[in-house]
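Note sheet for the following structure.
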Amino acid sequence: LPKFHGLVGEDPHKHLKEFHVVCSTRGPQGVPTWSDMKRLFLEKVFPTTKITIIRKKIYGPS
52 LPKFHGLVGE DPHKHLKEFH VVCSTRGPQG VPTWSDMKRL FLEKVFPTTK ITIIRKKIYG
112 PS
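Sequential numbering of the sequence shown, starting at 52, is according to the working numbering.
Following this line, the structure appears as structure tokens:
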């Protein structure tokens with residue numbers, strides 16, 4: 052990404068234009084929807100194995 056330091060010779064408008072060009076050429080990365088965010092969070096914090104262990108502790112041996 053282009054760097055802007057606020058120096059006297061730097062043009063903030065040129066920097067923003069270059070920054071916009073760079074950012075607009077990149078596709079979105081990460082999690083596309085809140086539903087996906089929720090699912091990924093729950094899978095990370097409460098993986099299936101952890102849920103199974105917690106259920107066994109709550110309900111006792113089967």
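Cβ coordinates follow ideal geometry from the N, Cα and C atoms, glycine included.
Please read all numbers here as calculations on a predicted model, not as lab measurements.
Could you tell me the alpha carbon to alpha carbon distance between P53 and F97, rounded to whole angstroms? Going from the Cα of P53 to the Cα of F97 covers about 40 Å.
Contact defined as beta carbons within less than 8 Å: I believe V82 pairs with L91. What is the distance between those atoms, to the nearest angstrom? Sure, about 6 Å apart at Cβ, within 8 Å.
Rounded C-alpha distance that separates Q80 from C74: Between the C-alpha atoms of Q80 and C74 there is a straight-line separation of about 11 Å.
Check this for me: beta carbons of E61 and F55, under 8 Å apart or not? E61 is a Cβ neighbour of F55, given a cutoff of 8 Å.
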